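>
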Amino acid sequence: MKTLGKLRSRVQPKSEDREYKQSTNILRKRDRNLMKMIFIEVMFYVISTIPFSIYLIYKITTNFSTQNQERKQFESFIGYIVQYFILYINTVLPFYIYVSTSSSFRTELKKVFNKFYTFIMRRQIRNERDDVP
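Numbering (my numbering), first residue to last: 45 to 177.
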């Protein structure tokens, strides 16, 4: 956080204007939101990779012991589930984290959805006009 403040003071000259204070507060709020999102994302990443780490440790410790066929199948099934869980969760989770923690991200996302919706609706209307004889 101190680094962001120091960088901000280097880039923008200090002034006592009211506009400057408002813009600085907005930038600080965005920086705090960004730091919060990154912290939560890292936390969820660590939590979601713990099962895979546990599975790898278990696999290494039981690799040399004799196992029956049923146990090997069960372990490979668990390994498959854990690997795909991590693969999909870690790629999808940042979107849900950003939506749930950042109001600015939500507003920008709404803008994107609105633009997409209006684009699709215009296209449909244009197609309907072309189809009418």
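By construction, the Cβ of each residue, glycine as well, lies at the ideal position given by its N, Cα and C atoms. Just so you know, these numbers come straight off a predicted model, no measurement behind them.
Please report the residue range of the alpha helix (DSSP H) in which Q117 lies.
Start and end: Q113 to T145.
> Within 8 Å, do at least three Cβ pairs link the region 120-136 to the region 64-83?
No, the region 64-83 does not touch the region 120-136.
> Using a Cβ-Cβ distance cut-off of 8 Å, determine whether T105 contacts chain D.
Looking at the structure shown, chain D is missing, and only one protein chain is on hand.
> What number of angstroms, rounded off, separates the C-alpha of I133 from the C-alpha of R173?
Whole-angstrom Cα-Cα distance: 44 Å.
> Just the Cα atoms here: how many angstroms apart are F163 and F157?
If you take the alpha carbons of F163 and F157, they lie about 10 Å apart.
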